[in-house]
Amino acid sequence: MQSAKRAHCGNCHFLIKQCVCKWIPVLSTRLKILILQDPKEAKHAKNTVSLLSLGLPSVECISIANHDVLSSTLRQKDPAKWRLVFPSDDAVPIESIDASSATEVEGLILLDATWRKAKKFYFTESLLHAFKAVCFLRPPVGQYSIRKSPSMESLSTLEACAYAIEQVTNENMQPLRDFMVAAQEWQWRKQPLSHRHLDC
Ligand SMILES: [Zn+2]
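For the sequence shown, the numbering used here begins at 30 and goes up steadily by one.
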């Protein structure tokens, strides 16, 4: 009995009873997406990167704990063509990128961590400073504003990624948000309310 309960779906890798396969949208973007993930975040019940990767299979996610992989991956990216989504002091609002600069953007780097951890990581990882940073001037309201942090960072990584892609490419990422909402409502359907607002 126990093993059946813990069986995972071979496609979405969630527990069978939390399988989200039927909601996965068929979606693509011309941008390459690199997620730098805090390993603690990967274990978080509400983490959205696994949903993001299901919706956009081209998403690359690497752990910030694996420094060798991290630095070799970052060194392979052309800072002229990649942007870091992070509100550093010199970040440019993503809404203000004009069409011609937007076409030069090949990929986006996002940090998947708590605001506090992301900030610390940004300031200690000098390889990140090679990339021009972009921030959100008018971030959309997050579906689940559960984290105690400044407004841009109250978005889930999936929502931040969807918004950033839309601003750069004009591709419609609403199916990605709809997928997140449908998947999470399904996955939490029988959980007590107290489990829905886990705070890190
Ligand atoms: Zn599945």
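Note that the Cβ used here is the ideal one computed from N, Cα and C, for glycine as well.
Distance between beta carbons of residue j and residue i, contact taken as under 8 Å
{"i": "E89", "j": "L56", "result": "Not a contact, Cβ separation roughly 16 Å."}
{"i": "L83", "j": "I53", "result": "5 Å"}
{"i": "W111", "j": "E133", "result": "At roughly 10 Å, the Cβ-Cβ gap does not stay under 8 Å, so W111 and E133 are not in contact."}
{"i": "P122", "j": "A94", "result": "Actually they do not touch by this definition, with Cβ atoms about 31 Å apart."}
{"i": "P108", "j": "A159", "result": "4 Å"}
For residue i, the three-state DSSP class (helix, strand or coil)
{"i": "G84", "result": "helix"}
{"i": "E200", "result": "coil"}
{"i": "E106", "result": "Per the sequence shown, residue 106 should be read as Lys rather than Glu. Three-state result, K106: coil."}
{"i": "A162", "result": "strand"}
{"i": "W217", "result": "coil"}
{"i": "P122", "result": "strand"}
{"i": "L139", "result": "strand"}
{"i": "A211", "result": "helix"}
{"i": "I64", "result": "strand"}
Close beta carbons around residue i, own chain, < 8 Å, minus the five adjacent residues each side
{"i": "I194", "result": "T58, L60, I62, L137, E200 and M202"}
{"i": "I91", "result": "L63, I64, L65, Q66, V98, L99 and T102"}
{"i": "F43", "result": "H37, V49, S79 and Q216"}
{"i": "L166", "result": "P122, I123, E124 and S125"}
Closer than 8 Å: residue i CB and nearest ligand 1 heavy atom
{"i": "V55", "result": "no"}
{"i": "F43", "result": "yes"}
{"i": "C48", "result": "yes"}
{"i": "C190", "result": "no"}
{"i": "C38", "result": "yes"}
Exposure of residue i, with buried meaning 16 or more beta-carbon neighbours within 10 Å
{"i": "K177", "result": "For K177, the predicted structure reports a pLDDT of 45, less than 50, and the residue's modelled location is therefore unreliable. A value from the coordinates is still provided. Classification of K177: exposed, given that the 10 Å Cβ count is below 16."}
{"i": "V197", "result": "buried"}
{"i": "P168", "result": "buried"}
Other residues of its chain near residue i: CB distance less than 7 Å, five sequence neighbours each side excluded
{"i": "A189", "result": "V114 and L139"}
{"i": "G171", "result": "S183, L184, S185 and E188"}
{"i": "A211", "result": "W52"}
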